[in-house]
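When the letters of the sequence shown are read in order and numbered with our numbering, they come out as residues 1492 to 1760.
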Amino acid sequence: MTGSTLPHKGSQNRTVLRLRNLFISGAAVLVLLVIWWTAAVLMDAAIILPPPPAVIRELLGLLQSNDFWISVWVTLLRGFTGFIISLSVGTVVGIAAGISLPLHALFKPLIAIIRTTPIMSVILIALLWFKTGTVPVFSSFLIAFPVITQNIIVGIRQTDQKLLQMGRAYGLDSTRRLLHISVPSVVPYLISGAQTALGLTWKVVVAAEVLSLPNWGVGSEMQLSQMSLETAQVFAWTAVAILLSAGSQWLLSLGIHSMPWSRLYADSV
């Protein structure tokens, strides 16, 4: 009986903790809204800082426009395309560089250069190389790629050497040791890298759209609103960008939790 009640109590504790954290987050958001509204009232200059009701009205107006949904869809497509490419390439390169010291030495300077290059520089260089619609995809890939790659390299290097030695003792070849020992050890690092990379992806995609001004996109609409001095609309498009980022992070966490092995990595998700 004791063994059956312990998991139930653990599950209840997790639920209580989640509800408590949700309440704290909600309270923090409410405090920020109050500060924003108070500052807007004191400033009394909507062109500089519009109050929350004005932003909500703009957002509701945008929701009724077909152009709004096209822009959101195109930004989503660019963001997920850049993220999937960076996740795929970063995983392959990370595993290869984690296993092979020469490959790690080969990719290490490239990863370091990309990670230290300002995002705006990446976008401006991409503007010289690609069409405006491709700039956000390339920029998001280039920024997210080193994050995933480095995380996987660290995960490979942190694999328990005793497990690898045991695998050799039981006659497992290098491929099986990789699939059954190294790859499972990398999963928490992959999850962490993917979450960080996805958060960066939306920032880069929107920033690239602001600078490159493709025909459709959340960043393009944000820039056009700023040029028209529609500050409330800029805030509304910013809220849309935040919701895209938060929604994609939630979907990623949901996908991770739906995996059969998710309980093994509960701390990583």
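Even for Gly, the Cβ is constructed at its ideal location relative to N, Cα and C.
On a Cα-Cα basis, can you pick out the residue from L1540, A1588, W1560, W1707 that is closest to I1526?
If we check each option's Cα against that of I1526, L1540 comes out closest.
By the three-class DSSP mapping on this structure, what secondary structure does W1528 have?
Helix, per DSSP.
Report the three-state DSSP secondary structure of D1558 (helix, strand or coil).
When secondary structure is reduced to three states using DSSP, D1558 falls in the helix class.
For V1563, which residues from the same chain have a beta carbon less than 8 Å from its beta carbon, with the 5 sequence-adjacent residues on both sides left out?
Closer than 8 Å at Cβ, skipping near neighbours: V1709, V1731, L1735.
Is there contact between the stretch 1629-1644 and the stretch 1577-1591, where contact requires at least three CB pairs shorter than 8 Å?
Verdict: yes, contact present.
Got a sec? Which residues, its chain only, sit under 7 Å from G1690 by beta carbon, not counting five neighbours each side?
Counting only residues of its own chain and dropping the five nearest sequence neighbours on each side, G1690 has a CB closer than 7 Å to the CB of S1736, Q1740.
Okay, do the stretch 1600-1614 and the stretch 1694-1711 touch, 3+ Cβ pairs below 8 Å being the bar?
Touching, yes.
N1642 lies in the alpha helix (DSSP H); which residues open and close that run?
1626-1648 is the span of the alpha helix (DSSP H), which, as asked, contains N1642.
C-alpha gap between L1681 and R1509, whole angstroms:
Taking the straight line from one Cα to the other gives about 24 Å.
Endpoints, the alpha helix (DSSP H) within which T1729 is located:
That run of the alpha helix (DSSP H) goes 1722-1749.
Rounded to whole angstroms, what is the Cα-Cα separation between S1759 and P1679?
Residue placement at S1759 is poorly supported in this model, since its pLDDT is 45, which falls under 50; the coordinates are not used for a value here.
If you run the structure through DSSP and keep just helix, strand and coil, what is N1504?
Helix, per DSSP.
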